[in-house]
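Visitor: Chains as they are written, first to last, in the working numbering: chain A, 649 to 733; chain B, 44 to 235. Cβ coordinates follow ideal geometry from the N, Cα and C atoms, glycine included. Could you have a look at this structure, given as structure tokens, before my questions?
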């Protein structure tokens with residue numbers, strides 16, 4: 649699980665152009681939106697694409713993202729259960 | 044008697060100038076535009092999400108507005124932004140095309156897609172500086188100082204306009220060409 653969290657942090661930093669951030673500087677339990685990493689709605693769409701491209705997970709309902717993207721740990725949990733690649 | 048005050052910035056592939064004076068840019072394994080960002084000591088993380096066209100225009104506007112101590116703590120309804128170029132958003136369009144050109148690897152990027160319009164650069168500048176006046180972007184065949192000046196003069200005569208950020212903002216395949224200026228009416232203009 650820790651390996652997946654680290655991998656996910658690296659992918660998010662790259663996909664969302666989080667310049668200056670490192671996996672170590674991101675708290676996997678912190679909120680991704682709002683006060684946490686401060687991501688916006690376009691970032692949310694980019695995370696949906698990341699899930700499909702890297703893990704073969706296609707979200708049928710965009711509202712699912714609200715729960716899945718609460719934190720990197722929750723996201724990693726979801727990936728672990730639903731990944732197809 | 045001067046009726047207007049002008050501040051201008053030029054950014055090419057190797058040089059940044061503000062009012063004719065070259066700005067020193069320190070490059071440490073960063074892209075040219077990112078090197079300018081770091082050299083100017085800007086703190087605006089959204090910069091790194093922008094496409095090259097928006098980055099180029101944004102940096103020029105930062106230099107200009109910093110020079111005139113522009114107040115970005117209040118909203119400005121009396122400032123207009125007008126941009127021109129010949130490459131439109133083609134630099135970003137080509138990047139976006141790569142994300143949709145392979146049917147076996149078809150993952151359109153929303154973050155790249157949002158910059159596939161040339162006028163987005165003006166929106167980025169407006170958001171950063173709380174500018175709420177009109178913005179317009181024109182794609183023309185080639186740089187035309189007379190056309191830009193004619194348009195600028197026309198907009199400048201509007202009474203509600205206090206200042207105009209205007210000029211050429213072009214970026215394609217690593218070639219950066221920005222000639223941006225801010226013209227504001229002086230007290231003499233308002234008195235005449």
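Which residues, in chain order, does the segment 98-115 of chain B contribute to contact with chain A at a C-beta distance below 8 angstroms?
Guide: Hits within the stretch: zero.
Visitor: Can you find a C-beta in chain B that's less than 9 angstroms from the C-beta of residue 709/A?
Guide: It does not: the Cβ of residue 709/A has no partner Cβ on chain B nearer than 9 angstroms.
Visitor: Comparing C-alpha positions only, which one of 219/B, 226/B, 103/B sits nearest to residue 196/B?
Guide: Comparing Cα positions, the closest option is 226/B.
Visitor: Comparing alpha-carbon positions, which option in 684/A, 727/A, 686/A lies nearest residue 706/A?
Guide: Cα-wise, what sits closest to residue 706/A is 727/A.
Visitor: Just to confirm, are residue 134/B and residue 214/B a CB contact at a threshold of 9 angstroms?
Guide: Cβ distance < 9 angstroms, so residue 134/B and residue 214/B count as in contact.
Visitor: Apart from the five residues on each side of it in sequence, which residues of its chain come closer than 6 angstroms, Cβ to Cβ, to residue 78/B?
Guide: Same-chain partners within the cutoff: 68, 70.
Visitor: Do residue 128/B and residue 90/B count as a contact pair if the criterion is CB distance below 9 angstroms?
Guide: The answer is no: Cβ separation not under 9 angstroms.
Visitor: Are residue 49/B and residue 224/B close, meaning C-beta to C-beta below 9 angstroms?
Guide: Yes, these two residues count as a Cβ contact at 9 angstroms.
Visitor: Less than 9 angstroms between CB atoms is the rule here; does residue 92/B satisfy it with respect to chain A?
Guide: Taking Cβ atoms only, chain A reaches closer than 9 angstroms to residue 92/B, which makes this a yes.
Visitor: From 82/B, 153/B, 207/B, pick the residue whose C-alpha is nearest to that of residue 66/B; which is it?
Guide: The option with the nearest alpha carbon to residue 66/B is 82/B.
Visitor: Kindly indicate which three-state DSSP category residue 129/B falls into: helix, strand or coil?
Guide: In this structure, residue 129/B counts as coil in the three-state DSSP scheme.
Visitor: So if I threshold CB-CB distances at 7 angstroms, which residues from the segment 147-159 of chain B count as touching chain A?
Guide: Here the close residues are 150, 152, 153, 154, 157.
Visitor: What residues of chain B sit near residue 700/A, judged by a beta carbon separation below 9 angstroms?
Guide: Neighbours of residue 700/A on chain B, chain order: 150.
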